[in-house]
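S.K.: From first to last, the protein sequence lines are chains A and B. Following my numbering, the numbering of the first sequence begins with 1 at its first residue and continues without gaps. Following my numbering, the numbering of the second sequence begins with 1001 at its first residue and continues without gaps. All residues carry an ideal CB built from backbone N, CA and C; glycine is no exception. A quick note: this is a predicted structure, and the numbers were derived from the prediction, not measured. Starting off with a structure, shown below.
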Amino acid sequence: DAKTTQPPSMDCAEGRAANLPCNHSTISGNEYVYWYRQIHSQGPQYIIHGLKNNETNEMASLIITEDRKSSTLILPHATLRDTAVYYCIVRAPNTGNQFYFGTGTSLTVIP
Amino acid sequence: DAGVIQSPRHEVTEMGQEVTLRCKPISGHDYLFWYRQTMMRGLELLIYFNNNVPIDDSGMPEDRFSAKMPNASFSTLKIQPSEPRDSAVYFCASSLVGYSPLHFGNGTRLTVT
């Protein structure tokens, strides 16, 4: 039961910012937004998560709209190593089976 | 911390054989998850444990699949008998309680011929 919607694919020029959108219009008040990425043949890698405030770490920034119905993951200076499938997930605390990955966005960083 | 450790990395077996996949979660993590990934179905949650107790196994495909967690530092996923359609990459992940993120291992690539 998908709770998020993402574009299937995106391209980004190397060195430019990559902005990956995610719609989660049915998100509940206690559900967090998580972003993961998966580089071919590796395990998914955690990037960032947030509840309602914008978040930033060494990998990326997460912008969540005020109504929390959508969010954007920003990779500020994309490199070729950022080419991967990016998954947006919503999940409530202390739950397991709601960690549904969906199909994600395949990001290709172009030299 | 070494992260989530899975073994073996690759497994090739013949149809009908028993297969056992192993996982060591990150120390102190209370949740452990088993996922399967195929091109057709993407990442599917098979089962998850909380404090070594299976909580939800509704994703386990059929009775040929079983998972155990005898202690906080070890889990197994067993397939008996294996079939070619079980060929996939199997991931183990662990997390703390609450809103903490999952940490994945590098997976076991299973090929059943």
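CB-CB under 7 Å to B:Gln-1080, same chain, minus the five flanking residues each way: which ones, in chain order?
M.R.: The residue you call residue 1080 of chain B lines up with position 80 of the second sequence. Excluding sequence neighbours, B:Gln-1080 sits near Glu-1018 and Arg-1064.
S.K.: On the DSSP bridge list, what partners appear for B:Asp-1086?
M.R.: Here residue 1086 of chain B refers to the residue found at position 86 when the second sequence is read from its first residue. None, per the DSSP bridge assignment.
S.K.: With B:Thr-1113 and B:Val-1012 assumed to form a contact (beta carbons below 8 Å), what rounded beta-carbon distance in angstroms separates them?
M.R.: As a first step, residue 1113 of chain B must be located in the second sequence, where it is residue number 113. As a first step, residue 1012 of chain B must be located in the second sequence, where it is residue number 12. Indeed they touch by this definition, with Cβ atoms about 7 Å apart.
S.K.: Kindly list, in the order they appear in chain B, the residues whose Cβ is closer than 7 Å to that of A:Tyr-34.
M.R.: Stepping through the first sequence from its first residue, residue 34 of chain A is reached at position 34. Correct list: Pro-1101.
S.K.: Of the choices B:Arg-1036, B:Leu-1032, B:Cys-1023 and B:Ile-1005, whose alpha-carbon is the least far from that of B:Ala-1088?
M.R.: Against the second sequence, residue 1088 of chain B aligns to sequence position 88. Residue B:Arg-1036 is the option with its Cα nearest to B:Ala-1088.
S.K.: For A:Gly-43, return the contacting residues in chain B, with the cut-off set at a CB-CB distance below 7 Å.
M.R.: Your numbering for residue 43 of chain A matches position 43 in the first sequence. Per Cβ cutoff of 7 Å: Phe-1091, Phe-1104, Gly-1105, Asn-1106 and Gly-1107.
S.K.: Do we get a CB-CB distance below 8 Å when we pair A:His-49 with the residues of chain B?
M.R.: On the first sequence, residue 49 of chain A is found 49 positions in, with the first residue counted as 1. By this cut-off, A:His-49 is an interface position.
S.K.: Is it true that the region 13–23 of chain A meets the region 52–70 of chain A, where meeting means three or more beta-carbon pairs spaced less than 8 Å apart?
M.R.: With a cut-off of 8 Å, the region 52–70 of chain A and the region 13–23 of chain A count as touching, because enough Cβ pairs lie within range.
S.K.: Start and end of the beta strand (DSSP E) containing B:Thr-1111?
M.R.: Along the second sequence, one-based indexing puts residue 1111 of chain B at 111. Counting along the chain, the beta strand (DSSP E) containing B:Thr-1111 begins and ends at 1108–1112.
S.K.: At a Cβ cut of 7 Å, what residues of the region 1034–1048 of chain B count as close to chain A, listed as they run along the chain?
M.R.: Listed by position, the residues of the region 1034–1048 of chain B near chain A (Cβ gap below 7 Å) are Gly-1042, Leu-1043, Leu-1045 and Tyr-1048.
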